[in-house]
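What follows is a set of notes on a single structure, which appears directly below.
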Amino acid sequence: MVSEIHPSTSIDSGAYVGEGVSVGPGAVIGADVRMGDGCQVGANAVIEGPAEIGPGCRIFPGAIIGTEAQYTALEGEGGRVEVGANTVVREGATINRSFKEGGVTRVGEECYLMMQAHVAHDCLLGDRVILTNSTALSGHIEIGSDAFIAGFTAIHQFVRIGDGVILIGPTAVRKDVLPYTKTDGNPPEVRGLNTIGLRRMGVTAEIRGHLKRAYRILFQESKTVEEAIGKIEAELPVGREIKTVVDFLKVSERGVYRGGV
Numbered sequence: 046m047v048s049e050i051h052p053s054t055s056i057d058s059g060a061y062v063g064e065g066v067s068v069g070p071g072a073v074i075g076a077d078v079r080m081g082d083g084c085q086v087g088a089n090a091v092i093e094g095p096a097e098i099g100p101g102c103r104i105f106p107g108a109i110i111g112t113e114a115q116y117t118a119l120e121g122e123g124g125r126v127e128v129g130a131n132t133v134v135r136e137g138a139t140i141n142r143s144f145k146e147g148g149v150t151r152v153g154e155e156c157y158l159m160m161q162a163h164v165a166h167d168c169l170l171g172d173r174v175i176l177t178n179s180t181a182l183s184g185h186i187e188i189g190s191d192a193f194i195a196g197f198t199a200i201h202q203f204v205r206i207g208d209g210v211i212l213i214g215p216t217a218v219r220k221d222v223l224p225y226t227k228t229d230g231n232p233p234e235v236r237g238l239n240t241i242g243l244r245r246m247g248v249t250a251e252i253r254g255h256l257k258r259a260y261r262i263l264f265q266e267s268k269t270v271e272e273a274i275g276k277i278e279a280e281l282p283v284g285r286e287i288k289t290v291v292d293f294l295k296v297s298e299r300g301v302y303r304g305g306v
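Position in the sequence shown counted from 1, then plus 45, gives you this note's numbering.
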């Protein structure tokens, strides 16, 4: 399949561009960029290496990927960026590379970053993550697969967002957000399970009931997180979703937002 490269495009000789790629006018693809087959790069988009862009990605006009970390103590060139297959990066969105040599900023497969979304250095996003307009991620944030972050939400560095979360903005997030929850408000509060998202993920009504019970144990029946974990593991079948919740609680260092289900 023949690639369509506009004559005003700048592609470094050290870049690799796969087959069937289209690149619009004024776009810049720098050294040490590897771009998979079938990607589309819009006008005036910029991709700096080291960066790996998976096949089938769509990068819209003005998006910027792989520029150096916004970190005042930055030393050297830093690390790299990885963007998974079939991810969409809309107009004006930015993804910075890792601030440390050997590090990575990673966006998973089939993600959708809407206009003006910002992914800072060393963030790790799972698959099918959606960041809506003007979402701002600080450094070292982890977002689980199938999470949806609503617009004008700012997330503090090192925060963890669990799998299957719907986080409703605008808000400022300073603690970890529990998996599979619907979290809203400023400050945020758990408002229930992300039931629609769980159904789309194929999670059965029985498992959704187990998740609801687990969070009632955490929010209403336990004095400490450790006590809640013990009760959850003793009372409920520890399948994939419950294990995800328990593991999330065990490693949380910033604390978690609470509420009701």
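Glycine residues also receive a C-beta, built at the ideal position from the N, C-alpha and C atoms.
For the structure I just gave you, are there three or more beta carbon pairs, one from the stretch 196-215 and one from the stretch 262-282, closer than 8 Å? no
Checking the sheet assignment: what are the DSSP bridge partners for residue 77? Partner(s): none; residue 77 has no beta bridge.
Between the CA atoms of residue 247 and residue 263 - distance to the nearest angstrom: 24 Å
By a C-beta neighbour count over all protein chains shown, 10 Å radius and 16 as the cutoff for buried, is residue 239 buried or exposed? buried
Since residue 227 is in the alpha helix (DSSP H), which residue starts that stretch and which ends it? Looking at the DSSP string, residue 227 is not in any alpha helix (DSSP H); the run it does join, the beta strand (DSSP E), is 226-229.
Assuming residue 151 is part of the beta strand (DSSP E), what are its boundary residues? 149-152
Give me the Cα-Cα distance between residue 162 and residue 285, rounded to the nearest whole angstrom. 31 Å
Let me make sure I understand the geometry here. Which of 266, 252, 56, 223 has the alpha-carbon closest to that of residue 211? 223
Pick out whichever of 93, 101, 288, 147 has its Cα sitting closest to the Cα of residue 140. 93
Excluding the five sequence neighbours on either side, which residues of its own chain have a C-beta within less than 7 Å of the C-beta of residue 89, listed in chain order? 71, 72, 106, 107
Please classify residue 109: is it buried, with 16 or more other beta-carbons within 10 angstroms of its beta-carbon, or exposed? buried
Go ahead and pull the three-state DSSP assignment for residue 180. coil
Could you pull out every residue in the same chain whose Cβ sits closer than 7 Å to the Cβ of residue 176, ignoring the five residues on either side in sequence? 158, 159, 162, 194
Counted within 10 angstroms of its Cβ, other Cβ atoms place residue 268 as buried (16 or more) or exposed: exposed
Check each candidate in 134, 146, 165 and name the one with the smallest Cα separation from residue 154. 134
Close Cβ partners of residue 97 (< 6 Å) along its chain, the five nearest in sequence each way excluded: 79, 127
Just how far apart, CA to CA, sit residue 261 and residue 171? 27 Å
Local conformation of residue 167 per DSSP, three classes: coil
Local Cβ density within 10 Å of residue 185, reported as buried at 16 or more and exposed below that: buried
Only counting runs of 4 or more residues, tell me where the alpha helix (DSSP H) segments fall wholly within the stretch 255-306, in order along the chain. 270-280, 285-296
Going by beta carbon distance, what residues of the same chain come within less than 6 Å of residue 205, once the five residues before and after it are set aside? 187, 221
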